[in-house]
Amino acid sequence: MPDNDLTPAIEFQGVGKRFGDNVVLDGLDFTVAKGDRVTLIGPSGSGKTTILRLLMTLEEANDGLILVDGQPYTHEIRGGRRVAIPEKRRSLVRRRVGMVFQQFNLFPNMSVLENIIEAPVHVLGISRAQAVARAEDLLEKVGLADKRDARCTQLSGGQQQRVAIARALAMEPEILLLDEVTSALDPELVADVLGVLRNIAETTDITMLIVTHEMQFAREVSNRVLMFDGGKIIEEADPESIFTSPEHERTQEFLRAVL
Amino acid sequence: MNDLWSWDHAAAVLPDLLKGLGITVLATVVGMIIAAVLGLVVAVVRRSRVRAVTMPVGFLVEFIRSTPLLVQLVFANLMFTQFPSLAVGCVVLGIHYATYMSEVYRAGIDAVPGGQWEAAVALDLPRSRTWRAVILPQAIRNTLPGLGNYAISMFKETPFLAFIYVVEMYAAAQAYGGANFRYIEAITLAGLLFLLVSYPTSLLVRRMENRLA
Numbered sequence: 042m043p044d045n046d047l048t049p050a051i052e053f054q055g056v057g058k059r060f061g062d063n064v065v066l067d068g069l070d071f072t073v074a075k076g077d078r079v080t081l082i083g084p085s086g087s088g089k090t091t092i093l094r095l096l097m098t099l100e101e102a103n104d105g106l107i108l109v110d111g112q113p114y115t116h117e118i119r120g121g122r123r124v125a126i127p128e129k130r131r132s133l134v135r136r137r138v139g140m141v142f143q144q145f146n147l148f149p150n151m152s153v154l155e156n157i158i159e160a161p162v163h164v165l166g167i168s169r170a171q172a173v174a175r176a177e178d179l180l181e182k183v184g185l186a187d188k189r190d191a192r193c194t195q196l197s198g199g200q201q202q203r204v205a206i207a208r209a210l211a212m213e214p215e216i217l218l219l220d221e222v223t224s225a226l227d228p229e230l231v232a233d234v235l236g237v238l239r240n241i242a243e244t245t246d247i248t249m250l251i252v253t254h255e256m257q258f259a260r261e262v263s264n265r266v267l268m269f270d271g272g273k274i275i276e277e278a279d280p281e282s283i284f285t286s287p288e289h290e291r292t293q294e295f296l297r298a299v300l
Numbered sequence: 310m311n312d313l314w315s316w317d318h319a320a321a322v323l324p325d326l327l328k329g330l331g332i333t334v335l336a337t338v339v340g341m342i343i344a345a346v347l348g349l350v351v352a353v354v355r356r357s358r359v360r361a362v363t364m365p366v367g368f369l370v371e372f373i374r375s376t377p378l379l380v381q382l383v384f385a386n387l388m389f390t391q392f393p394s395l396a397v398g399c400v401v402l403g404i405h406y407a408t409y410m411s412e413v414y415r416a417g418i419d420a421v422p423g424g425q426w427e428a429a430v431a432l433d434l435p436r437s438r439t440w441r442a443v444i445l446p447q448a449i450r451n452t453l454p455g456l457g458n459y460a461i462s463m464f465k466e467t468p469f470l471a472f473i474y475v476v477e478m479y480a481a482a483q484a485y486g487g488a489n490f491r492y493i494e495a496i497t498l499a500g501l502l503f504l505l506v507s508y509p510t511s512l513l514v515r516r517m518e519n520r521l522a
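Chains as they are written, first to last, in the working numbering: chain A, 42 to 300; chain B, 310 to 522.
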């Protein structure tokens, strides 16, 4: 089993995704190296979020393979045919991938702390005491140590999103998917959340896949930017080059519109 | 006046009625526990993706809802003569109302945002744990008023138990009437006692609804 630093963290091989007649992704190939911070940009409907959802198994690809750390994730080729991998095996890969959602999706029936320790205790099987200790560290890190026992519904959007980040990190993921994590926030709360993410980017080597409209954040945090249009990558570069001198006409148009 | 209403008869029937009320309440409580548990099982099973499971359960639910409670009670009582009528009655009430409770649960489950399921997948929570720790605690909160309303409605349908010879409050009133050729006091008091229990309960349910809204 390949598992060294040269194996890509994520590899898409000819991945296609359709919703009815609507082709969202069409034979998509790309790789993300370990520790990469990749931002996906492009007009809405270009398939960026679908890529994250495929990696979280919230959607299922129609064709192609997705590899995580060199291992087939949802499908594999057996006897020349593409077959689905059973849930038990998917689950082992899935727990190495974390996701933060636009709408936070915290569990409102649990306290902040319970949200964070739920999966470590019930999925990873670590002891409650250990999970609580780790959760407290994470709450410290996202600046919400005093909200430990609060109900999620009592928190502001920005605070909820920081709890959601802590919850994802509690699983110690190798890959973190960030799906428009600031889009649902009031403008004055965006900075706190981005600050937390910047800090994580600086202090860990988690591979990140980011869908965002915050171009400044993309520029600061990511080392690669992929421009999507019509389910394909039309341009790919480091953030400096793509934001200052985009080559593709569609990229120029898009950046003019959002910057 | 004495012909229309006799306080003597009213006083004489009251102990029988109160004993009957005890049976009525017992049948409602036991029936509702069965309905609440079974209804939840039905609601969860019907969300399964296995058609071999959902189809028969769906058919059974439709079947039970499309036939009258009274017919079900009498039929079950004929089938299961080895059990006491009260037990048969409670189970039939429970099963009948479970088919309605399952819809209440279904609505409650549907009202839990899809993002909750997605967050559970993202954390790799097993499906059983997702149901138990995330979905049902949120869904059941929304179903409490529905549960209360069906409890009141079941309470008011317990007189059907008289047809399978369970002496609940209505049967007690009938028995007194038949034995003494005086129905009016017994039936009036039985009605008042029903009102005395169901009205405060419905106020309680309404308060619960307002608090959850």
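All C-beta atoms, glycine included, are put in the ideal place defined by N, C-alpha and C.
Closest to residue i by C-alpha separation, out of the options, would be which residue?
i	options	result
I444/B	S132/A, N150/A, R189/A and A174/A	N150/A
V339/B	Y492/B, L395/B, L512/B and P454/B	L395/B
S437/B	A170/A, V173/A and V164/A	V164/A
L238/A	L217/A, R189/A and R94/A	L217/A
A471/B	V397/B, Q391/B and L313/B	V397/B
V234/A	E213/A, Q202/A and Q257/A	Q202/A
N519/B	L501/B, A499/B, P454/B and T497/B	P454/B
R297/A	I118/A, G272/A and H254/A	H254/A
A321/B	V506/B, V514/B and L498/B	L498/B
K328/B	G500/B, L521/B, N489/B and V476/B	V476/B
Taking C-beta to C-beta, are residue i and residue j nearer than 7 Å?
i	j	result
V222/A	V141/A	yes
L99/A	E412/B	no
N370/B	T408/B	Reading off the sequence, residue 370/B comes out as Val, not Asn. Yes, the Cβ-Cβ distance between V370/B and T408/B is below 7 Å.
L179/A	A186/A	no
A225/A	Q143/A	yes
R136/A	M249/A	no
A448/B	T439/B	no
A174/A	A211/A	no
G424/B	T452/B	no
Y414/B	L349/B	yes
A209/A	V183/A	no
V353/B	V366/B	no
L219/A	I251/A	yes
M523/B	T337/B	Because chain B in this structure spans residues 310 to 522, residue 523/B falls outside the shown range and cannot be described.
F469/B	L330/B	no
D433/B	S132/A	yes
Leaving out five residues on either side along the sequence, give the residues of the same chain with a beta carbon under 7 Å from the beta carbon of residue i.
i	result
D70/A	F53, Q54 and G55
E261/A	R239
G199/A	L226, L230, D233 and V234
If I measure Cβ to Cβ from residue i and keep anything under 8 Å in the same chain, skipping five residues before and after, which residues do I get?
i	result
G57/A	V64, L66, D67, G68, L69, A102, N103, D104 and G105
T48/A	K75, D110 and G111
Q293/A	P287
Using a Cβ-Cβ cutoff of less than 6 Å, which residues in the same chain neighbour residue i once the five nearest sequence positions on both sides are dropped?
i	result
G486/B	Y492 and A495
D325/B	A481 and Y485
S511/B	I461
R123/A	H116
Residue i: buried (16+ other C-beta within 10 angstroms of its C-beta) or exposed?
i	result
G139/A	buried
Y114/A	buried
M310/B	Model confidence at M310/B stands at a pLDDT of 45, short of 50, so the residue's coordinates are unreliable; what they give is reported in the following sentence. Exposed, because fewer than 16 other Cβ atoms sit within 10 Å of the Cβ of M310/B.
K89/A	buried
Y292/B	Nothing about residue 292/B can be read from this structure; chain B reaches only from 310 to 522.
I82/A	buried
Y474/B	exposed
V153/A	buried
E243/A	exposed
I118/A	exposed
M268/A	buried
A160/A	buried
Cβ of residue i less than 7 Å from any chain C Cβ?
i	result
V164/A	The chain inventory of the structure shown lacks chain C, comprising the protein chains A and B.
Does the ligand GDP have even one heavy atom less than 6 Å from the beta-carbon of residue i?
i	result
D325/B	With respect to small molecules bound, the structure shown includes none, and the ligand GDP cannot be examined in it.
Residues within the stretch 435 to 461 of chain B neighbouring chain A, beta-carbon criterion of under 7 Å
So the close ones are R438, A442, V443, P446 and Q447.
| request: Using a Cβ-Cβ cut-off of less than 7 Å, list which residues of the stretch 412 to 424 of chain B approach chain A; keep chain order. | output: Of all residues in the stretch 412 to 424 of chain B, G424 have a Cβ within less than 7 Å of some Cβ in chain A.
- Task: Give, in chain order, every residue of the stretch 95 to 108 of chain A whose Cβ lies closer than 8 Å to some Cβ of chain B.
- Result: Here the close residues are M97, T98 and L99.
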